[in-house]
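All residue numbers for the sequence shown refer to full-length UniProt numbering, where the first residue is 1 and numbers rise by one.
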Amino acid sequence: MPSNLLIVESPAKAKTLKKYLGKDFEVLASYGHVRDLVPKTGAVDPDNNFAMQYETIARNSKHVDAIAKAAADADHIFLAPDPDREGEAIAWHIAELLKGKRALKGKKMQRVVFYEITQSAVKDAVAHPREISIPLVNAQQARRALDYLVGFNLSPLLWRKIRPGLSAGRVQSPALRLIVERELEIEKFKSQEYWTVHLDSQKSGIPFSAKLFQYQGKKLEQLSIGSQAEYDAIHAKLADAKLPPKVVRVEKKGKQRNPAAPFTTSTLQQEAVRKLGMTSDRTMRTAQSLYEGVDIGGQTIGLITYMRTDSVNLANEAVAEIRDYIRDNFAGDYLPAKQPVYKSKSKNAQEAHEAIRPTSILRTPDSLRAHLNIDQLRLYEMIWKRTLASQMAPARFDTVSVDIRLSSDDTLFRASGQTLVFPGFIGVYMEDVDDAEEEDSAKLPPLAEGDVLTVEKLYGEQHFTQPPPRYSEASLVKTLEEHGIGRPSTYATIISTLQAREYATLDKKRFMPTDVGRVVIKFLNEHFTRYVDYGFTANLEDELDEISEGKRDWIPVLEEFWKGFNKLIGEKKDVDRPGTEVLEEKCPKCGKPLSKRLGKRGSFIGCTGYPECDYTRSLGGDEDAGEARKELGVHPETNQPVLLLRGPYGPYVQLGEVEEGAKAKPKRVSWPKELPLENADLGSALKLLSLPKEVGTHPETGKKVIVNIGRFGPYIGHDGKFKSIPRTDSIFDIGLDRAVELLAQARTGGATVLRSLGEHPGDKAPIEVCSGRYGPYVRHGKINATLPKDVSPEAVTLEEALEMIAAKAAKGGMGKAKKPVAKKSATKTTKEKATAKSKATVKKATAKTVAEKPEVKKTTRTATTKAKTTTTKTATKKVGAKPAAKTPAAKKTTKK
């Protein structure tokens, strides 16, 4: 019988630790929390020093009994739940239960903490146990009591005043307020028109573009040119300039970009949303599995450190290993002389002593490909790259800024560009940014002061300011952290609760408040202002942090909160019920006034005479339809009227009238959502009617590439394939290079490679296990063979795959007929595989080879919530004239 008992939270972790600790240890799992507050009024008693009434969680009672039985036979008990407040509380609850069962008589019980599940870390932790931290336990109890007091007292008030089944939370309500207030900002936003003026020129056959930034000695602001009339006047004057453009200033300088810090919980969730499209909840579940351990060659190994942390520090041993890896696998200048030092942005980064990192940098993503599922592999690769990049040298750029004078009245254009001189960390990893404006990375020809240039094209671009974007999961987590609302372990729960309660929904990966969410926040803002205040919520989090550090007692914190909150609950019992708004409109059925009401499925219009009168209609009725028909002008070539009309799928532009008896319908184009309807004019409509527009010939196929607007928005078309144009790109400005790039994304987006089995003995092309729309399959060139249901992707062998592919080729006759195509595809796949492998293993990179990786092209910068702008170019635009169009970052036409 083992003399030692070690208790952890999860059975997966228990299985791993049992292998590490051997026969002298019994390792059992508590399966999470073992006790919780009794789910009824009085579980927290404010009149009795906030005494908390706990009960064993029913589903875990059998696990508690097993732990108690094992404890009775053990000499030494080690409590090893996770190394945070929740883990400390679980350890304390287990200890309290064992005391109650008298299972600790004559036993030694201690707390064990480790931040990575590796054999050395676990054995070291067991060799250095400590006592349970009562300050950490008190902080968790205080948080639980606060959440209970708010939920059990405020939620019933919402049931009576708004609708049954609603809830309010101490942290979820301020988070919902962020979403609702952003939506109100968007609704109140008034779009403004403005113009920019551009000069296309060239030197030595190298074209470039410059932008007007100073006119007649006055520096231009964003809205300085506010209409086409103002632009036309400036354009006419500049077009009449007597002197040619002349370079009057050239400024060159170097700059560098530093790598991002290693991942915290917050930054991991943000980046997983941006790069991988994973929700916060899915990210944390996947990270948990990597932390608890994966079977690798018969041995279970924890691959990352603990994933709930707000620290950016790395252990000295980890830094030494990473620096050795960089020294062995990269050129010498990729290793900085000194270790980079990062400072945490969090107010309290003490509970977990390290950032999220691989337990060993030597376990490259490529070496683990066969042992991880697709989510695990993608997340691990991102963590591995971010950690490695954080210890690498900065990227270096050469930037140049050129001022060009046109005419003699201090009218200046400016052209800017930058060139990557040394990629540094960018060769491995580049951080993404929400709603970012891309930097200009155009290359300029060699220019010197005094150079006289030619005017190739002088044109303007029409812009409309756009409202701040709705929150994505990433930007919401970032904002919560900036406000100090919640802590690393709570972000995913906050977001999932808002969606589960139907207070907010995700539309195109952006949060929109529901009608219910709006009404709840309106009620809380009016009557419980202090408790949805960002500052108040953040200060309370700070007080909980101070409790965890032993600097503050938890009872006075609860007393101070409860005193004001309980008084307010009593005062608000008789407030008017929100959600009903009487309208100045009569019911068509009975003549009584209509009202706007909140129902189970949102707001609607109903009769105030209910239940005698049951008239209702949806909220977005005819009253919101606006003008159904508007004549914008006459087409200059056809002399037909250009109309703005409304249809079942939204507004659209139509050329000419519908003629009775005619077989052909007039040309129609949907009005893009990014263009404000109030700015609809003939010029914009003519641009839409010019669609579909050919942007060029595809370099690989020789077939034309077009852009157009369909029922579901702007898209690119080529050879029967289509790709939606992102909202950050303007359909009128998109060039051939950007179009080809987006089409390439569409090609590679369908299937995900799960495993690489080896090469085909015939043509040496790779054999891969992929995950597709209809399940897993094996792939060889153009031949895809579905895996039988009894064969798992992880278990299939190369020999089995070859048999499936041969059978499929024989059945479909693809083997010989498609051989040339298969070779081409195989070459491409091999190249992609090699690229992925080079990123994972990072073999002796040089400035040239690393610079060719996709990450190098990204030059994002931090975005703010200032108004964005959507760009439309005038008819004088030279199609495809901008040399910067060859670089995706230079083409961006959305500004903040």
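We put the CB at the ideal spot given by N, CA and C, even for glycine.
Note that the coordinates shown come from a computational prediction; the quantities given were computed from them, not determined experimentally.
Scanning its chain for C-beta atoms nearer than 6 Å, with the 5 sequence neighbours on each side dropped, one finds around L276 the residues R378, in chain order.
According to the DSSP assignment, T399 belongs to the beta strand (DSSP E) that extends over 395-405. The shortest CA-to-CA distance from A442 to any of G151, H76, A210, R111 is the one to A210. The stretch 504-523 and the stretch 466-481 touch, with three or more beta-carbon pairs separated by less than 8 Å.
Residue S756 holds the alpha-carbon nearest to the alpha-carbon of G781 among S756, T797, P788. Per DSSP, N373 lies in no alpha helix (DSSP H) segment and is marked neither H nor E. Sorting A785, V796, L798 by C-alpha distance to the C-alpha of A809 places A785 at the top. Scanning the stretch 697-722 for uninterrupted alpha helix (DSSP H) segments of 4 residues or longer gives nothing; none is fully contained. With a beta-carbon spacing of about 44 Å, L453 and K630 fall beyond the 8 Å limit used to define contacts. The stretch 353-369 makes no contact with the stretch 279-286; the number of CB pairs closer than 8 Å stays below 3.
Note that the C-beta distance between V669 and L688 is below 8 Å. Per DSSP, the beta-bridge partners of V653 are L644, V669. N48 carries a helical assignment under DSSP once its states are collapsed to helix, strand and coil. Pairing L238 with L498, the inter-Cα distance amounts to about 55 Å. By the neighbour-count definition (other C-beta atoms within 10 Å, threshold 16), Q462 is a buried residue.
Listed in chain order, the non-local C-beta contacts of S3 below 7 Å within the same chain comprise D24, A74, D75, H76, local neighbours out to five positions each way being set aside. By the neighbour-count definition (other C-beta atoms within 10 Å, threshold 16), P726 is an exposed residue.
E251 is bridged by DSSP to S401. Within the model, the alpha-carbon separation for D375 versus V428 is close to 20 Å. The Cβ atoms of V532 and S167 do not sit closer than 8 Å to each other.
Rounded to whole angstroms, the separation of the alpha carbons of R487 and L362 is 31 Å. CA-CA distance, I521 to S191, rounds to 26 Å.
A distance below 7 Å between beta-carbons, with the five flanking residues on each side excluded, links R327 to the following residues of its chain, in chain order: L335. The beta carbons of G484 and A415 sit no closer together than 8 Å. By the Cβ-count criterion, P636 is exposed, with fewer than 16 other Cβ atoms from all chains shown falling within 10 Å of its own Cβ. Annotation: the continuous beta strand (DSSP E) that includes R629 extends over 629-634.
Taking one beta carbon from each stretch, the stretch 397-405 and the stretch 241-251 have 3 or more pairs nearer than 8 Å; the two touch.
The residue among T196, L268, A389 with its C-alpha nearest the C-alpha of N258 is A389. Taking the C-beta atoms as reference points, K721 is found no nearer than 8 Å to L691. DSSP places I234 in the uninterrupted alpha helix (DSSP H) bounded by 228-239. Taking 8 Å as the cut-off, the Cβ atoms of Q140 and Y491 do not count as close.
The Cβ atoms of E456 and S280 lie no closer than 8 Å to each other. Pairwise C-beta distances place the stretch 553-567 in contact with the stretch 140-151, as three or more of them are shorter than 8 Å.
Contact between Y615 and K589 is confirmed by a C-beta separation of about 4 Å, below the 8 Å threshold.
Separation of the CB atoms of Y54 and R85 is rounded to 16 Å, and the pair is thereby denied contact status at 8 Å. Nearest in C-alpha terms to L544, of all of N138, N49, K19, is N138.
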